[in-house]
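Peer 1:
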Amino acid sequence: MDSTQNLNLEIATFGGGCFWCTEAFYERVDGVHKVVSGYAGGTVKNPTYEQVCDETTGHAEVIQISYDPKVVSYDELMEIFFKTHDPTTLNRQGADVGTQYRSVIFYHNDEQKKKAEYYK
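Note that the working numbering has the sequence shown beginning at 50, numbered continuously upward.
1. Is the Cβ-Cβ distance between Ser-122 and Gly-65 less than 8 Å?
2. What residues in its chain sit with their C-beta under 6 Å from that of Pro-136, if we drop five residues either side in the sequence?
3. Spatial neighbours of Ser-115 within its chain, please: CB distance less than 7 Å, with the 5 preceding and 5 following residues excluded, ordered by chain position.
4. Would you kindly work out how many angstroms separate the C-alpha atoms of Trp-69 and Glu-76, rounded to a whole number?
5. Does the distance from the C-beta atom of Thr-71 to that of Thr-133 stay below 8 Å?
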């Protein structure tokens, strides 16, 4: 039996540069149950890594975080997001350059939208 089956997990989706680097930060956070790397915000369904890197799909590299809000809040996850990358650089993080490395928050409900727009 899956031990997370009865938990009321919530989802957060952030893009802050290379998704593997960003994923590593959140995997260590108490209350985070799963972090999955992928792409969001583009026009092609199920793009390949090569397509995204060619900057023809409009996707950003993102992570989707499943978390227990009783242990870690969305605000705390956003705080980590802003501390672990530079949202003021356009389409790059460190040595990674391209629109797929842009800073972006994809919200999943009105409360997340309000918080994301507040910190914008």
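Beta carbons: idealized from backbone N, C-alpha and C, even for Gly. Computed from a predicted structure; not experimentally measured.
Peer 2: According to the data block:
1. Between Ser-122 and Gly-65, the C-beta spacing is not below 8 Å.
2. For Pro-136, where only same-chain residues beyond five positions count, the Cβ hits under 6 Å are Ser-152.
3. Cβ neighbours of Ser-115 within its own chain (closer than 7 Å, five residues either side excluded): Leu-58, Ile-60, His-82, Lys-83.
4. Taking the CA atoms as reference points, Trp-69 sits about 11 Å from Glu-76.
5. Using a Cβ distance threshold of 8 Å, Thr-71 and Thr-133 count as a contacting pair.
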